[in-house]
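Taking it in order: structure first as structure tokens, then the write-up.
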Amino acid sequence: MEKKHPKESKVVNTDQVLSSDLNNYNTLFGGVLMKRLDGCAVLSARRHSRAKECVTASTDSIDFLSPIYQSDSVCVESFVSYTGKSSMEIFCKVIAEDMMTGERRMATTAFMTFVALDENKRPMQVPGIEPETEEELKLFETAPEREEIRKLKREKSKELAGSISLQKPWEDKKEAYS
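Here UniProt numbering is used: the first residue of the sequence shown is 1, the next is one more, and so on.
Next comes the structure, spelled out in structure tokens:
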């Protein structure tokens with residue numbers, strides 16, 4: 001399978017901030033931004049894998065670095081930064097631009113992992129990555145460490161989930177076992 005360049009999976013989406021997108025601090029709701037990130041990231045994953053479906057395996061990190069205001073535009077950029085056999089690490093960056101002054105700032109960075117699915121909804125092999133720019137190379141070279149951290153976190157999450165009750169909080173323990 002031939003490798004692809006990150007730019008081949010690049011998705012850029014710029015939008016304005018609406019009043020309905022704001023929280024009580026008059027900044028963009030984190031959840032609204034997370035939805036935008038996921039939307040761009042899945043398109044990058046599908047563009048890279050050319051799969052009909054790609055599913056979010058994990059949201060590894062979302063770092064909110066600077067608030068986004070209603071006077072800002074929001075530019076979300078995503079691309080595949082690293083691949084496994086069927087998984088793709090997607091790097092996302094969010095640049096906020098004050099529309100009055102033109103000042104641009106890095107508002108958010110994120111790493112998300114997607115898995116490409118075949119027509120039977122089974123993981124399918126994806127092309128590798130061949131970085132070209134300095135930014136792409138840095139992300140590619142540091143990806144194995146992030147992958148190890150993801151694996152460890154997934155193991156810990158499974159371990160924790162095994163010790164968490166599935167009982168409904170309003171059920172009496174005696175009634176639940178009778």
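All C-beta atoms in this analysis are idealised placements derived from N, C-alpha and C, irrespective of residue type, glycine included.
Keep in mind the model is a prediction, meaning the values are calculated, not measured.
Exercise. Could you round the C-beta distance between Cys-54 and Glu-77 to whole angstroms and report it? I think they count as a contact, below 8 angstroms.
Key: Rounded, the Cβ-Cβ distance is 18 angstroms, inconsistent with contact.
Quiz item: Cα-Cα, which of Glu-103, Lys-158, Leu-65, Glu-148 is closest to Tyr-82?
Solution: Glu-148
Exercise. Identify the continuous beta strand (DSSP E) that holds Val-80 and give its terminal residues.
Key: 72 to 83
Quiz item: How far does the alpha helix (DSSP H) with Ser-49 in it reach, from first residue to last?
Solution: 30 to 49
Quiz item: Do the CB positions of Met-88 and Val-42 come within less than 8 angstroms of each other?
Solution: no
Practice problem: Please report the residue range of the alpha helix (DSSP H) in which Thr-101 lies. | Solution: Careful: Thr-101 lies outside any alpha helix (DSSP H) and carries neither H nor E.
Quiz prompt | Distance CB(Phe-111)-CB(Lys-10) smaller than 8 angstroms | solution = no
Quiz prompt | Candidates Asn-13, Ser-61, Asp-15, Lys-52, of which the one nearest Asp-118 by Cα | solution = Lys-52
Practice problem: Give the secondary structure of Thr-133 by DSSP, where H, G and I count as helix, E and B as strand, and everything else as coil. | Solution: coil
Quiz item: Closest by CA to Phe-64, which one among Ser-44, Gln-70, Arg-50, Leu-28?
Solution: Leu-28
Quiz item: Roughly how many angstroms separate the alpha carbons of residue 232 and Gly-102, rounded to a whole number?
Solution: Any answer about residue 232 is impossible in this case: the structure gives the chain only from 1 up to 178.
Practice problem: Give the straight-line distance between the Cα atoms of Lys-153 and Lys-121, rounded to the nearest whole angstrom. | Solution: 25 angstroms
Quiz item: Looking at C-alpha atoms only, which residue of Ile-90, Cys-75, Lys-85 is the closest neighbour of Met-99?
Solution: Cys-75
Quiz prompt | Range covered by the beta strand (DSSP E) that runs through Gln-16 | solution = 11 to 16
Practice problem: Would you check if the distance between the CB atom of Lys-3 and the CB atom of Gly-128 is smaller than 8 angstroms? | Solution: yes
Quiz item: How long is the line joining the alpha carbons of Ile-95 and Arg-47, rounded to whole angstroms?
Solution: 22 angstroms
Practice problem: Return the residue from the list Leu-160, Ile-68, Cys-40 that minimises the CA-CA distance to Ala-107. | Solution: Ile-68
Quiz item: Starting from Ile-68 and walking both ways along the beta strand (DSSP E), at which residues does that stretch end?
Solution: Run containing Ile-68: none; DSSP gives neither H nor E here.
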